[in-house]
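Everything on this sheet refers to the single structure shown next.
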Amino acid sequence: MAYDVDLLVLGGGAAGLTAAGTAANLGAKTMMVERDRLGGDCTWTGCVPSKTLLHHADLRAAAVAAGADPGPVDFAAVIGDVHTTREEVYHDADRPEIFEGFGIEVVSGDAAFTGPHAARIETADGARDVTFRMAIIATGGRAAPPPIPGLDATPHLTNERLFEITELPRHLVIVGAGPIGCEMGQAFRRLGSEVTIIDRADRPLGKDDADHGRMLQGVLEDEGVRFRMGADIERVEGTEGAVTVHISADGATEAVEGDVLLIATGRKPNIEGLGLEAAGVAFTERGVTVNDQCRTSQRHIWAAGDCTGEYALTHMSEHMAKQAATHAILKIPAPIDRKGLAWTTFTTPEVAQLGPTEDDLREQGTSFVTYRFPYTKVDRAVTEHATVGSIKVHATRWTGKILGASVIGERAGELIGMLAVAKKGGVPLRTVSDTIIPYPTYALGARRAADQYYIQKQFPKAIDLVKRVFGYRGLTPPPPDPDRVL
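Per my numbering, the sequence shown starts with residue 46, numbered consecutively.
Here's what the structure looks like:
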C-alpha cells in the first residue's frame, strides 16, 4: 500500500521537532502536526522563560552583593524581555520555515488517529485525512494541579500563565518545592516579592541528593524565602489579589496569606482526543505505554517525551525522540538511556543529579563508594566567593566506574554534563583523575573528586614496600579515611 507519508509526527514541541528533524534527515517523507506554535513547553512556558527570569533575578542579586542599589524593579520590562527572548529562540530554532527547509510538511491543526495507519487533521481550512506508514506521538504534557479543596474556585497560576503576569507579586505563595518551585521562589524573592514555599515532603528537590536539597533550602531561607515543609494543604480560598492557603503540620494549623498563588506541582500527558483506541495504541492515565525503544503496542507507532509520562525533561524528550526516529526509520536497535539521565535545577547554587543518589543506591543494595569534594577547595569558587557547594561521585568500589553523581554549587549543571559523558563512556575515575583540566575552572572540582579515588586506594603496606625498594625515607601515609579530602 502506498501511504501519503512515511512518518507522521503528532506534536511540535521538543520531542516532535527532534523526531521530525531526525526522520527527514534520514530520508523519510515526514509530516509534523502541531495545534499551537512550534516549540512546546520549553520555548513558551518552561525552560526559556524561566531561565530568562532567573537571569534578571541573578543580575539584581549580584548588584546588591556588590554594594550597589539597583533601585525598584521594572517588572513589566523584565517580563517584556522574557517574551522577547522566547521569540528570539522561536525565530532561531523553532519556526516552521526551518523545518520545511528540511523537507518536512508542517501542518497547523489537531490530529487524531482514525485507524492504525490513518489520521484526520482538523485545520482552519477544514478536515484533512492522511495515511502514514509509521507515526511518532510527541504531544507533550501540561500542568495538572493536584486535587486541593477550593482550588478550582481560587485564582491561581501554573507555569503556563506565570510568565504572562505584568505586576510583581507582593507575596507569592508556591505549592511545590520541586525544581519549578525552588527556581521561581528564589527568582521572585530576588526581584522583591515575599515568598513562601509549601510542600508535604520533608525537604526540597525530592529526586535529588538529600543533603543537597537541605543545603539549598538553607541558602534560600538565608535569602528570605520561607518554607513550610512537611505540611498538608487542608484547603485554599480567595479572590484575585488575596489568597489564603490553610495548612497543617505537626499537629498545628496555619493560614498562609498572599496575593498570588503558584501551583508548581503536578503534570499530565496530552493524550486526550488522539484516537489512540482507533490506532490500537495502549495507554494509561500516566501516558502512552512504550518499551525501551519507545515503541508502543503497535509496532509501527512510537511515542516520545512527556506524553509517555516517563520524564518531564526537555533533554530526555529530545533523546527519546531521536532514538524513536532512528529505530523507526533505520530499523536498528536504539534503546533509550535511562541510566544516563541527568538534570539540573537552576537556582543559585545550582543543584544537579546524574543517575541514582546515595540513598537510591543503598535502597538498591548496590555496593559503592562515594567520593566527595567541597567547593571550599575549588579555587575558582574561592576566587568568585561561591564556595557553597559540594561534589559527590558514586562509583564501584574496585573499578571506579561511575554509577551516579550529585553536585550543588556554581555551574553544577556543567560539571554534571562532564560526569555524564564519563559515565556514558564507561570511563573510570582513574581516567578522570588522569585528565588534564585547565586551572582554575569549576570542572577541575570534578577531577579533584575523582582524585579522591586514588587517595583512598593508597595502602600503607604498599607504600612501605616502595620505600624499602628505593630507599626512600618519607612518612608512610595513614590508612585511607573516606571522610578525608585532599
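Even for Gly, the Cβ is constructed at its ideal location relative to N, Cα and C. The model shown is predicted, which means the values in this text are computed figures rather than measured ones.
Note on geometry: alpha-carbon atoms of residue 420 and residue 256 lie some 14 Å from one another. Judged by their CB atoms, residue 369 and residue 338 are nearer to each other than the 9 Å cut-off. For residue 272, the enclosing beta strand (DSSP E) has its first and last residue at 271-274. Here the C-alpha atom of residue 486 lies approximately 13 Å from the C-alpha atom of residue 480. The criterion of a C-beta distance shorter than 9 Å is not satisfied by residue 253 and residue 359. Residue 201: not part of any alpha helix (DSSP H); DSSP gives it neither H nor E.
Where residue 240 is concerned, the enclosing beta strand (DSSP E) starts and stops at 239-244.
About 7 Å separates the beta carbons of residue 345 and residue 178, which is inside the 8 Å limit, making them a contact pair. The beta carbon of residue 64 sits closer than 7 Å to those of 54, 181, 183, 349, 366, 369 and 370, all from its chain and outside the five residues before and after it, given in chain order. The beta-carbon separation of residue 354 and residue 314, rounded to 5 Å, stays under the 8 Å limit for a contact.
Looking from the CA of residue 320, the closest CA among 332, 470, 158 and 77 belongs to 158. Bounds of the beta strand (DSSP E) holding residue 216 are 216-220.
Contact annotation: the stretch 83-96 touches the stretch 135-147, with at least three C-beta pairs closer than 8 Å. For residue 388, the uninterrupted beta strand (DSSP E) run begins and ends at 387-390, by DSSP. Sequence-distant Cβ neighbours of residue 97 in its own chain, meaning closer than 7 Å and more than five residues away, are 126, 127 and 130. Within the stretch 386-434, the complete alpha helix (DSSP H) segments of 4 residues or longer fall at 403-409 and 424-428, listed in chain order. When only Cα atoms are considered, residue 269 and residue 249 end up about 16 Å apart. Under DSSP, the beta-bridge partners assigned to residue 305 are 217. Checking the DSSP bridge columns, you'll see residue 187 partnered with 313. Here DSSP, grouped into helix, strand and coil, assigns residue 261 to helix. In the displayed model, residue 94 falls within a helix according to three-state DSSP. In the three-state DSSP reduction, residue 283 falls in the strand class (E or B). In this structure residue 397 is in contact with residue 460, their Cβ atoms being roughly 7 Å apart against a cut-off of 8 Å. Residue pairing by DSSP places residue 156 opposite 166 in a beta bridge.
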